[in-house]
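Accompanying notes for the structure given below.
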Amino acid sequence: MNRLLSLSKVPVLTGFWRHYSVPTTKMFIDGEFVESKAKSWIELHNPANNELVTRVPKCTEAEMNSAVDSCQTAFESWRKTTVLTRQSLMFELQRLIKRDMKKLAENITLEQGKTLADAHGDVMRGLQVVEHCCSITSLQLGETMPGIAKDMDTHTYRVPLGVTAGITPFNFPAMIPLWMFPLSLVCGNTMLLKPSERDPGACMLLMGLLQEAGFPKGVVNVIHGAQEAVTFICDNPQIRAISFVGSDRAGQYIYERGSKSGKRVQCNMGAKNHGVILPDANKAQTIQSLIGAAFGAAGQRCMALSTAILVGEARNWLPEIVARAKELRVGPGTEPGADLGPVISPEAKARTLSLVESGISEGADCVLDGRGLVVKGYEKGNFVGPTILTKVTPSMECYREEIFGPVLLCLEADTLEDAIQLINSNPYGNGTAIFTNSGAAARKFTEEIDVGQVGVNVPIPVPLPMFSFTGSRGSFRGDQNFYGKHGVHFYTQLKTVTQLWRSEDAVTSASATAMPVMR
Ligand code: NAD
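Read in my numbering, the sequence shown has 224 at position 66, and its numbers run on one by one without any break.
In structure tokens form, the structure reads like this:
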């Protein structure tokens, strides 16, 4: 059994007491895994069979306060550690994540449902951020200018903010916490994390690795809960900055409330990513890419390519797109060979089905229908088979809403200009891709498209951590993006020191009252 979960001693397995035989997810406070005294708990079910996995506390006010206090106390000494100490701890964390990759991936599949191969990818993309953090010795360099006036020099340093907070979504239980706490820590901050209450297990395993790597106690504290915990973070005066990834609703709330209380806030939010398919594209390669990016992770990726725009003759590719999607194998993430697993919850399944239904009732054709899919042996799982709607128009609800399920919407356009206009009219700006063999068409697209992350023959253009994650418009609020150079800027503030060191005999006798111009 997971060492971060514990069975209570109560042996009775029925009625009220049945709950107490289920493991609980701990908090991570001041370097220790601690049982919450919460009165209210959230049940976490395995999405493949809906069996109860653990109970996640809605932490009490006192617990949340003690977590922030621990971050604040730890900050006082952590900020004074040398950059080489922070770097070497990060190297150790990187080694341990690699060692426990399988364990982390298994936990993700258990709690989130994605396939084991995809769960490895989840950890891997987070690990790459940790690896990038290991180059903090050059990332956090400041600027200097000697001799800006006689005997006077100016230095600008990037200094940490203090206590930062991270609020994460369910769909990447390892990667997204890893976008946040390693970079915050390596810049000299501490962090209060509130992972998704729907799958906090991977985050807790990462805390075990942080402890094993030798990070001082209190540099990261983890609390659990839902909206109340988020509101606590937005309002707490000790917290200086909030990193959030999740839905529009929560992101807007956090941005408004956190900014209002004087915090720096970065929010990555929802998406509707379009793939434009030109008829000159490499057909086989394009269809493979589209299908993988639309249905991988059961469509539960913020960069899922959920909307295809078939331009001109490319509309004739539909039968092959459908045929390829039909070949995908749906099953529990633990099943070798499964291409996609279940969606996160029965509610997410019901919402997906209802958006498909709304599309059909508004005039779309359902050319591949995965709504009735039952996986043998996993009849209670939240499975939806790959589903494709054609004849979709921008006014339909299924187009306006982010579905976040294994549903591909197909629209048609006569020209590339029409496709660009369609995408630029959509409020989201997370990601988009064009498939073509024409350099001129690709160049026109990349230049005119108003979306923050663009792929050319690359279906999911998520930048590696030496760059930043640059979703734009409705998909982002804030002005410094996640990870890369912008991530370092988010977690640091500038301090500029101007120094005059003049020998005794050069000291002037008169006081200057006019504004110094330093010439
Ligand atoms: P969610 O907003 O429901 O949850 C995210 C976090 O916010 C959780 O920790 C949750 O406890 C908290 N939360 C939920 N509702 C809240 C509310 N009303 N007020 C305050 N806090 C609240 O998101 P999710 O369903 O876990 O994740 C899926 C969403 O995240 C999708 O919209 C997806 O596009 C988005 N996402 C975006 C990116 C990106 O980088 N743009 C990456 C991953 C996921």
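The C-beta atom is built at its ideal place from N, Cα and C for all residues, glycine as well.
Residue i - partner residues in DSSP beta bridges
i: N426; result: V403, F634
i: Q651; result: V317
i: C568; result: A466
i: L297; result: Beta-bridge pairing links L297 to no other residue.
i: D576; result: Note: D576 sits in no beta bridge, so no partner.
i: G324; result: L351, S401
i: M310; result: A307, L658
i: L210; result: H203
i: P215; result: W199
i: V614; result: I592
i: C524; result: L547
i: F191; result: F186
i: F627; result: F640
i: N379; result: L350
i: L251; result: The partner list for L251 (beta bridge, DSSP) is empty, contrary to what the question assumes.
i: I435; result: L468, F593
i: G587; result: S630
i: T302; result: H313
i: L498; result: V488
Member of the options whose CA lies at the smallest distance from the CA of residue i
i: R244; options: K272, A206, C292; result: C292
i: A455; options: R407, R473, N540; result: N540
i: N588; options: R257, F390, S464; result: S464
i: V388; options: I412, D608, A206; result: I412
i: G499; options: K653, G563, G433, T302; result: G563
i: E190; options: G372, N208, Y586, F625; result: G372
i: I397; options: L367, L351, D406, K375; result: L351
i: E482; options: G428, A670, A451, H278; result: The question names Glu, yet the displayed sequence has Arg at residue 482. Considering only alpha carbons, the answer is A451.
i: I561; options: E505, G597, G521; result: E505
i: N584; options: G376, M624, M554; result: M554
i: A206; options: V565, T551, R509, V488; result: V488
i: V693; options: A508, I518, Q298; result: Any question about residue 693 goes unanswered here, given that the chain covers just 159 to 677.
i: V156; options: A462, L566, K538; result: Lying outside 159 to 677, the shown extent of the chain, residue 156 is not represented and no answer is given.
i: V377; options: L531, A196, M248; result: M248
i: D188; options: N595, M222, R631; result: M222
i: N582; options: H290, L262, P552, T240; result: P552
i: E250; options: M310, A332, A196, E370; result: E370
i: A384; options: A599, L622, T218, F603; result: T218
i: P374; options: N208, R677, T239; result: T239
i: R558; options: N431, S419, G535, G629; result: N431
i: E355; options: L262, K184, Q458; result: K184
i: G629; options: V609, G613, P623; result: V609
i: R459; options: S401, D276, A307, N440; result: D276
Whole-Å CB distance - residue i paired with residue j, under 8 Å assumed
i: N615; j: F627; result: Wrong, their Cβ atoms sit about 20 Å apart, outside the cutoff.
i: V211; j: H382; result: Contact doesn't hold; Cβ gap of about 14 Å is too wide.
i: G636; j: Q424; result: 4 Å
i: V514; j: L547; result: 7 Å
i: T314; j: T654; result: 5 Å
i: P340; j: V380; result: Their Cβ separation, rounded to whole angstroms, is 14 Å, which puts P340 and V380 out of contact at 8 Å.
i: S516; j: C556; result: 6 Å
i: A399; j: N265; result: Not confirmed; about 28 Å, so no contact.
i: Y586; j: S512; result: Between S512 and Y586 the Cβ distance is about 21 Å, and since that is not below 8 Å, they are no contact.
i: V281; j: A220; result: Not a contact, Cβ separation roughly 33 Å.
i: A466; j: I435; result: 6 Å
i: I445; j: E485; result: Contact doesn't hold; Cβ gap of about 11 Å is too wide.
Residue-level contact to chain B via CB, residue i, 8 Å cutoff
i: S228; result: No chain B is part of this structure, which consists of one protein chain only.
Validate contact between the stretch 278–293 and the stretch 215–235 using beta carbons, cut 8 Å, 3 pairs: Too few Cβ pairs lie closer than 8 Å, so no.
- request: Check whether the stretch 219–228 touches the stretch 269–278, counting contact only when three or more Cβ pairs, one atom from each stretch, lie closer than 8 Å.
  value: no
field: Inter-stretch contact at 8 Å, needing at least 3 Cβ pairs: the stretch 337–353 / the stretch 312–324
entry: yes
field: Touching by the beta-carbon criterion (3+ pairs, under 8 Å), the stretch 588–597 and the stretch 617–624
entry: yes
query: Is the stretch 574–586 in contact with the stretch 525–534, if contact means three or more CB pairs nearer than 8 Å?
result: no
message: Check whether the stretch 468–476 and the stretch 644–652 are in contact - that is, three or more C-beta pairs closer than 8 Å.
response: no
message: Below 8 Å, how does it come out for the stretch 254–265 and the stretch 301–309: are there three or more Cβ pairs, yes or no?
response: no
- prompt: So does the stretch 324–332 actually touch the stretch 398–410, counting three or more Cβ pairs closer than 8 Å?
  reply: yes
message: Within 8 Å, do at least three Cβ pairs link the stretch 490–497 to the stretch 357–377?
response: no
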